[in-house]
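Visitor: Let me begin by handing over the structure; questions about it come next.
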Amino acid sequence: MRTNDYVKELQNKSAEDLNKALVEAKKELFSLRFQNATNQLDNTSRIKEVRRDIARIQTVITAKANAAE
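Quick note on our numbering: the sequence shown kicks off at 155 and runs consecutively.
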């Protein structure tokens, strides 16, 4: 159920907030990849979660852009 709540939360955000969330998620993914490369990352499954969150954010951004047309 976490996913559905997260997507609903994203759909209620403005385009500017979605872009900020996307930038934050990409920064986190970069940090996680860097930690993984230096063998400092304990929870490697977090990389997969963040990648999926990025995809969800991009999907909502695209849906809103298509709805505005």
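Note that CB positions come from ideal geometry on N, CA and C, so glycine has one too.
(1) Suppose the cutoff is 8 Å on Cβ atoms and the five residues either side in sequence are ignored; what does the same chain contact list for N190 look like?
(2) Please confirm whether V161 and V214 have their CB atoms less than 9 Å apart.
(3) I want to see whether chain B comes within less than 9 Å of K202, judged by CB atoms only; does it?
(4) Please report the straight-line C-alpha distance between T216 and Q165, rounded to a whole angstrom.
(5) Buried or exposed for A169, going by 16 or more other Cβ atoms inside 10 Å?
Guide: So, from the data block:
(1) Indexing the sequence shown from 1 puts residue 190 at position 36. Within the same chain, N190 has close Cβ partners T198, I201.
(2) Stepping through the sequence shown from its first residue, residue 161 is reached at position 7. Stepping through the sequence shown from its first residue, residue 214 is reached at position 60. In this structure, V214 lies closer than 9 Å to V161 by Cβ.
(3) Going by chain labels, chain B is absent from the structure shown, which holds only one protein chain.
(4) Sequence index remark: in the sequence shown, residue 216 carries index 62 (1-based). Sequence index remark: in the sequence shown, residue 165 carries index 11 (1-based). Roughly 11 Å separates the two Cα atoms.
(5) As a working mapping, residue 169 is identified with position 15 in the sequence shown. When all chains shown are included, A169 counts as exposed.
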